[in-house]
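S.K.: Going letter by letter, the sequence shown gives residues 0 to 482 in numbering that gives the first Met the number 0.
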Amino acid sequence: MSTDTMPSAAPPSAPPPKNRGSSQEQRDNWVVVAVAIAAFSMVAAVVAVGIGISKSGSGGGGGGGAAAGGPVTVEVELGDLYIKPAKIEVPAGSEVTFKVTNKGAMPHDFSVNGENGTKMLDPGASETLVVSGLQADTLAWCTVPGHRAAGMETQIVVTGGSGGGGGGGGGGAGSAEQAASTGAEIDFNAKPAADFQPYDPKLEPAPGGTEHKIELSAEETVMEVAPGVTQEMWTFNQKFPGPVLRGKVGDIFTITLTNNGKMGHSIDFHASKVAWNDEMRTIEPGESLVYQYEAKHAGMWMYHCGTAPALHHIGNGMFGGLIVDPPNLPPVDHEFIFVQSEIYTGPMGQPGDLTKMQNEDWDAVVFNGYVSQYLHKPIRVEPNQRIRAWVLDAGPSENSAFHIVGTIFDTVFKEGTLLLSPDARQGGSQALDLQPSQGGYVEFTFDEAGLYLIVTHKFANPGKGAIGLFQAGEVDTSTAGGH
0 MSTDTMPSAA
10 PPSAPPPKNR
20 GSSQEQRDNW
30 VVVAVAIAAF
40 SMVAAVVAVG
50 IGISKSGSGG
60 GGGGGAAAGG
70 PVTVEVELGD
80 LYIKPAKIEV
90 PAGSEVTFKV
100 TNKGAMPHDF
110 SVNGENGTKM
120 LDPGASETLV
130 VSGLQADTLA
140 WCTVPGHRAA
150 GMETQIVVTG
160 GSGGGGGGGG
170 GGAGSAEQAA
180 STGAEIDFNA
190 KPAADFQPYD
200 PKLEPAPGGT
210 EHKIELSAEE
220 TVMEVAPGVT
230 QEMWTFNQKF
240 PGPVLRGKVG
250 DIFTITLTNN
260 GKMGHSIDFH
270 ASKVAWNDEM
280 RTIEPGESLV
290 YQYEAKHAGM
300 WMYHCGTAPA
310 LHHIGNGMFG
320 GLIVDPPNLP
330 PVDHEFIFVQ
340 SEIYTGPMGQ
350 PGDLTKMQNE
360 DWDAVVFNGY
370 VSQYLHKPIR
380 VEPNQRIRAW
390 VLDAGPSENS
400 AFHIVGTIFD
410 TVFKEGTLLL
420 SPDARQGGSQ
430 ALDLQPSQGG
440 YVEFTFDEAG
450 LYLIVTHKFA
460 NPGKGAIGLF
470 QAGEVDTSTA
480 GGH
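Set out below in structure tokens:
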């Protein structure tokens, strides 16, 4: 029995996040109401009217500035990526009691203006929140990263107050705030620092033994994804993409997943045949689960976090590859891994933008998590060596046409099937075409010394970072990054 324990690397250093529209910023809709003081006053006073909030039914602070309406009670239902009702009307100045119940399968909270609200509620839990002094339209939402953008927001319309009825102001402001793009900008001509270390694409053969015990940690990690650009990536073992796992048909994989992050995470191995509601369930920070399965089929498989919204977790880097060798896989001189994915930038040092992901509006397409990294650090081999490149399209949304300029693939394995191998037909392949979550491998040689471009032949994307180089033999690479 082999024990493959994947170490958790220390996160790279990163500059502090810039305050540029992050979903974690305070969204404060304080309303200032000028109130005329009674006759014979010497000075006119300007009164700042805030929102007084208390929990579990205790009274909140008075608003002032308008006659208070009668008390109002509102039943609020939190579900998995929705809040009911979607619109709440209350009289200006009234005391509003929100009776909040989480009817979803994952933790949620309810926060007025994103500042104050309930604690994080486990499934089935309830809490009462009292708000007083509302004078203008506002919003409330779930503060779990990604949940608001996925639909967990409700509009609070104040009738008879300074914001007027109908709720156009509050809802419109909230929608504009979410729609505005504040993502970090990538300079595709920039070069990484001199001490930059690329994601190691080299693969080792499948380990011996028939059971592989592997520890994975789910956690959020700020890391560089392009020269000078950092993002908070959601990772397995602080790697983007996650560690490459490997075994053979019939092997047992025993995965211990521990959530060392700040939100719920999960894991879904496409190579497994297990119940979605058991091993793939979401676990909360500090929790662990054991995910065991037999690898019954060969292939280049994807694994990823499936916690809702799965698009946000995958689009923010929470995926990796698992190779199950086909029987009688012949040895080669080198094996490499290339995981293609998109990057949807959020503000510097913050998570990726879910709205961009929903609109398939990516900022970069990359191999192994970093813009053009193998253009700046070519992968070294020798002429006439036989090379096997395993390729996974992790998406979450863009396809891949994996191609190497200057050679021909004489072996193609895609989605569990050997499509081409060297034989009397002398067939060749130009590209390995993959949709998101599909994978395979290609084999090839370089007939002469030189540089060979690695690209996706969907040519809108090499210029966005899906490009690299093989270096075959001793050649001048000084101009490789600017070719």
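By construction, the Cβ of each residue, glycine as well, lies at the ideal position given by its N, Cα and C atoms.
In this text, all values refer to a predicted model and were calculated from it rather than measured experimentally.
1) Can you name, in chain order, every residue of its own chain whose Cβ lies under 7 Å from the Cβ of serine 265, other than the five neighbours on each side?
2) Can you tell me which of Asp277, Lys86, Val95 puts its alpha carbon nearest to the alpha carbon of glycine 69?
3) Following the continuous alpha helix (DSSP H) through threonine 354, name the residue where it begins and the one where it ends.
4) Do you know whose CA, among Val289, Ala225, Trp275, Ser216, lies nearest asparagine 259's CA?
5) Leaving out five residues before and five after glycine 165 in sequence, what residues of the same chain have Cβ atoms less than 6 Å from its Cβ?
6) Identify the continuous beta strand (DSSP E) that holds tyrosine 81 and give its terminal residues.
7) Counting along the chain, where does the beta strand (DSSP E) carrying glycine 438 start and finish?
8) Can you tell me where the alpha helix (DSSP H) with glycine 314 in it begins and where it stops?
9) Within 8 Å, do at least three Cβ pairs link the region 396–415 to the region 265–277?
10) Since I believe glycine 145 is in contact with proline 325 (beta carbons under 8 Å), could you give me their beta-carbon distance rounded to a whole number of angstroms?
11) Could you please give me the residues that DSSP links to tryptophan 389 through a beta bridge?
12) Looking at the structure shown, is glutamine 425 part of a helix, part of a strand, or coil, going by DSSP?
13) Does the beta-carbon of asparagine 101 have 16 or more other beta-carbons within 10 angstroms, so that it is buried, or is it exposed?
14) In whole angstroms, what is the alpha-carbon distance linking alanine 183 and valine 364?
15) Whole angstroms is fine: what's the gap from leucine 138's alpha carbon to tyrosine 343's?
16) Given 8 Å as the limit, is there contact between the region 417–426 and the region 350–370, that is, 3 or more CB pairs closer than that?
17) Counting only the same chain and skipping the five closest in sequence on each side, list residues whose C-beta sits under 6 Å from that of asparagine 383.
18) For glutamine 196, count the other beta carbons within 10 Å of its own beta carbon; 16 or more makes it buried, fewer makes it exposed. Which is it?
19) Glycine 467 and histidine 296: beta carbons closer than 8 Å?
20) What is the DSSP secondary structure of lysine 201, counted as helix, strand or coil?
21) Answer with buried or exposed for asparagine 276, where buried requires no fewer than 16 other C-beta atoms within 10 angstroms of its C-beta.
22) What did DSSP end up calling glutamine 470 once you bin it into helix, strand or coil?
23) Does DSSP put proline 461 in a helix, in a strand, or in coil?
24) Under three-state DSSP, which class holds glutamine 291?
25) Where does the unbroken alpha helix (DSSP H) through tyrosine 373 begin, and where does it stop?
26) Determine the burial state of threonine 72: buried for a count of at least 16 other Cβ atoms within 10 Å of its Cβ, exposed for fewer.
27) Closest by CA to phenylalanine 97, which one among Glu126, Glu293, Ala85?
28) Between Ile254, Val224, Pro204, Asn236, which has its C-alpha nearest arginine 245's C-alpha?
29) What is the DSSP secondary structure of leucine 133, counted as helix, strand or coil?
30) Contact check, threonine 158 vs alanine 85 under 8 Å by CB: the rounded distance?
31) For threonine 255, which residues does DSSP report across the bridge?
32) Just to confirm the assignment, what range does the beta strand (DSSP E) spanning glycine 319 have?
33) In this structure, how does DSSP classify histidine 146 when only helix, strand and coil are distinguished?
34) Please confirm if the region 247–255 is in contact with the region 226–235, defined as three or more CB-CB distances below 8 Å between the two stretches.
35) Tyrosine 198 and glycine 472 - do their beta-carbons sit closer together than 8 Å?
M.R.: On the basis of the data shown:
1) Met279, Arg280, Thr281, Ile282, Cys304, Gly305, Thr306
2) Val95
3) 353–357
4) Ser216
5) The predicted model places glycine 165 with a pLDDT of 40, which falls under 50 and marks its position as unreliable, so this point remains unresolved.
6) 81–83
7) 438–443
8) 309–314
9) no
10) Rounded, the Cβ-Cβ distance is 37 Å, inconsistent with contact.
11) Ile336, Tyr440
12) coil
13) buried
14) 15 Å
15) 26 Å
16) no
17) Thr444
18) exposed
19) no
20) strand
21) exposed
22) strand
23) helix
24) strand
25) 372–375
26) exposed
27) Glu126
28) Pro204
29) coil
30) That belief does not hold up - the Cβ atoms of threonine 158 and alanine 85 are roughly 17 Å apart, past 8 Å.
31) Glu214, Val289
32) 318–324
33) coil
34) no
35) no
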